[in-house]
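S.K.: Here the sequence shown is numbered in my numbering, starting from 11 and rising by one per residue.
My questions will all concern the structure given below.
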Amino acid sequence: MGKIVTLGEIMLRLSPAGYDRFVQAKQFNAFYGGSEANVAVSLANFGKEVSYVTKLPENAIAQCAINELRKYGVNTNDIVKGGNRIGLYFCENGESQRPAKLVYDRKDSAIAQAKREDFDWDKIFDGADWFHFSGITPALSEECAKITLDAVKAAKKKGLTISVDLNYRETLWDAATFSKAIRELLEYCDVALGSIEEAQMAIGENSNANCNDLLKKLVEKFNLKYATIILRNRFTAEDVDWTAVLYDGKDFYNSKKYDIHVVDNIGGGDAFAASLIYAITSKLSNQEIIEFATAGSCLKYSMNGDVNLSTADEVINLMNSDGSGKVSR
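Put into structure tokens, the structure is as follows:
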């Protein structure tokens with residue numbers, strides 16, 4: 011198995027301690043993360059060779075982000091240096107019926123100001139077998155949309171498997187623009203994951219189609235090898251049930267459902283994406299693929315920060331358990 015490459019924006023996240031509101035904060039805890047960066051770290055923790063691609067300024071804070079990636083074994087050699095700033099976001103944890111709140115400060119970040127000529131995709135994809143991106147990256151700027159399209163075209167030409175987390179963000183673009191852009195990118199993809207709403211936008215219809223119908227339409231419309239939809243029911247800011255469905259063009263595979271008490275709401279979908287990629291590249295059975303992906307994302311919700319710090323063995327242990335969290339001795 012060759013290396014896995016991910017492309018996206020890594021940001022500095024600042025959060026008040028515990029469940030304090032922004033207005034109460036006297037200090038902030040710092041984390042580094044972003045959808046594809048979170049995927050890269052999780053895959054590295056699972057033991058995969060992974061390289062992360064972005065653009066960051068040459069300053070001490072950006073270097074901290076790079077160091078954080080390196081700490082977990084992510085290759086950062088293809089990070090382009092330049093631009094003026096790293097993106098920021100502020101995260102206030104939710105509690106009970108009060109939802110989490112996010113405030114973004116990412117305008118004119120280095121990656122949002124990146125140019126197509128900054129990235130040599132032939133070099134970046136040398137020795138790679140898999141490329142992953144999300145719907146966030148092409149939303150950062152018109153040039154980022156072109157960069158992402160360049161990347162999927164180059165990856166397809168070199169025979170890589172390509173996965174996308176649909177990841178619609180209404181603060182970055184409207185639904186119609188997202189739908190048009192993501193459909194063009196999906197033409198090059200092999201694996202897609204997202205929510206029911208994101209699948210509807212990708213297909214281009216607002217219907218009452220159920221999860222299985224949407225998965226079937228996704229696979230048929232874009233000739234995908236796999237499509238998955240995450241299903242969640244949120245009861246409070248801290249309590250959610252979580253399951254997922256996988257479709258391979260012939261059969262549907264349903265994971266077990268987890269009742270989760272959430273420590274940190276950020277990064278569950280990214281952990282799912284990383285776990286899905288790990289399971290596919292490790293040649294697990296289709297039922298094991300969706301079970302591993304769902305269990306991996308479940309574990310992420312038990313830890314602070316953006317990234318899933320679980321090992322593959324820990325995910326497998328949860329897969330094979332009753333989900334009770336019994337002490338491991």
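Cβ atoms here follow ideal geometry from the backbone N, Cα and C, with glycine treated the same way.
Please go through the segment 173-205 and give each complete alpha helix (DSSP H) segment of 4 or more residues, from N-terminal end onward.
M.R.: Runs found: 185-196.
S.K.: Hey, residue 18 and residue 44: beta-carbon distance below 8 angstroms or not?
M.R.: Yes.
S.K.: Under 8 angstroms: do the segment 51-65 and the segment 25-40 share three or more Cβ pairs, one atom per stretch?
M.R.: These segments do not touch.
S.K.: Give the straight-line distance between the Cα atoms of residue 138 and residue 107, rounded to the nearest whole angstrom.
M.R.: Approximately 45 angstroms, taken between the alpha carbons.
S.K.: With a cut-off of 8 angstroms on the beta carbons, I'd call residue 20 and residue 47 a contact; round off their distance for me.
M.R.: Residue 20 to residue 47, Cβ: 4 angstroms. Contact.
S.K.: Go ahead and pull the three-state DSSP assignment for residue 100.
M.R.: Strand at residue 100.
S.K.: So what's residue 20 in DSSP terms, helix, strand or just coil?
M.R.: Residue state, collapsed to three classes: coil.
S.K.: With C-beta atoms as the reference, is residue 212 less than 8 angstroms away from residue 242?
M.R.: In this structure, residue 242 does not lie closer than 8 angstroms to residue 212 by Cβ.
S.K.: Considering only residues of the same chain and omitting the five flanking positions on each side of residue 174, which have a CB-CB separation below 8 angstroms?
M.R.: These residues qualify, in order along the chain: 142, 143, 144, 145, 192, 195, 196, 199, 201, 202, 203.
S.K.: Note down, in chain order, each residue of its chain lying with its Cβ closer than 6 angstroms to the Cβ of residue 237, except the 5 sequence neighbours on either side.
M.R.: Closer than 6 angstroms at the Cβ level, and outside the excluded window around residue 237, lie 202, 225, 228, 229, 257.
S.K.: In the DSSP output, which residue or residues are listed as bridge partners for residue 257?
M.R.: Its beta-bridge partners are 237, 262.
S.K.: Taking buried to mean at least 16 other C-beta atoms within 10 Å of its own C-beta, is residue 273 buried or exposed?
M.R.: Residue 273 is exposed by the Cβ-count criterion.
S.K.: Three Cβ pairs or more, each shorter than 8 angstroms: is that satisfied between the segment 123-132 and the segment 96-111?
M.R.: No, they do not touch.
S.K.: Are there 16 or more other CB atoms within 10 angstroms of the CB of residue 11, so buried, or fewer, so exposed?
M.R.: Label assigned to residue 11: exposed.
S.K.: Terminal residues of the continuous alpha helix (DSSP H) containing residue 40?
M.R.: That residue, residue 40, is in no alpha helix (DSSP H); its beta strand (DSSP E) goes 38-43.
S.K.: Along the chain, where does the beta strand (DSSP E) that runs through residue 139 open and close?
M.R.: Element bounds for residue 139: 138-144.
S.K.: Please report how far the alpha carbon of residue 90 lies from the alpha carbon of residue 166, in whole angstroms.
M.R.: Going by the C-alpha atoms only, they are around 22 angstroms apart.
S.K.: What does DSSP give as the partner residues of residue 119 in its beta bridges?
M.R.: For residue 119, which the question treats as bridged, DSSP gives no partner whatsoever.
S.K.: Pick out the complete alpha helix (DSSP H) segments inside the segment 43-114, 4 residues or longer, and give them in chain order.
M.R.: Runs found: 45-55, 70-81.
S.K.: What do you reckon, are the CB atoms on residue 302 and residue 294 nearer than 8 angstroms?
M.R.: The answer is yes: Cβ separation under 8 angstroms.
S.K.: My guess is that residue 251 and residue 263 are in contact by the Cβ rule of under 8 angstroms, so how many angstroms apart are they, rounded?
M.R.: So it is not a contact: roughly 18 angstroms between Cβ atoms.
S.K.: Quick check on DSSP: helix, strand or coil for residue 280?
M.R.: If DSSP states are grouped into helix, strand and coil, residue 280 belongs with the helices.
S.K.: Below 7 angstroms CB to CB, which residues in the same chain sit around residue 312 once its five sequence neighbours on both sides are set aside?
M.R.: Excluding positions up to five away in sequence, the list reads 273.
S.K.: Rounded to a whole number of angstroms, what is the C-alpha to C-alpha distance between residue 248 and residue 297?
M.R.: Using only the alpha carbons, I get a separation of about 28 angstroms.
S.K.: Where does residue 331 fall in DSSP's three states?
M.R.: Note: residue 331 maps to coil in three-state DSSP.
S.K.: Considering only DSSP beta bridges, list what residue 26 is partnered with.
M.R.: Note: residue 26 sits in a beta bridge opposite 38.
S.K.: Measuring only the C-alpha atoms, how far is residue 176 from residue 66?
M.R.: One C-alpha to the other measures close to 24 angstroms.
S.K.: Looking at the structure shown, is residue 311 part of a helix, part of a strand, or coil, going by DSSP?
M.R.: Looking at residue 311 - three-state DSSP - the assignment turns out to be coil, as it is neither helix nor strand.
S.K.: Use the C-beta contact count for residue 218: other C-beta atoms within 10 angstroms, 16 or more gives buried, fewer gives exposed.
M.R.: Residue 218 should be labelled exposed.
S.K.: What would DSSP say about residue 243, mapped onto helix, strand or coil?
M.R.: Residue 243 falls in the strand class under three-state DSSP.
S.K.: Between the Cα of residue 1 and those of 84, 39, 30, spot the shortest distance and give me the residue it belongs to.
M.R.: Residue 1 cannot be examined here, being either before or after the span of the chain that is shown, 11 to 339.
S.K.: Below 8 angstroms on the Cβ atoms is my guess for residue 49 versus residue 86; work out the distance and round it to an integer in Å.
M.R.: That belief does not hold up - the Cβ atoms of residue 49 and residue 86 are roughly 15 angstroms apart, past 8 angstroms.
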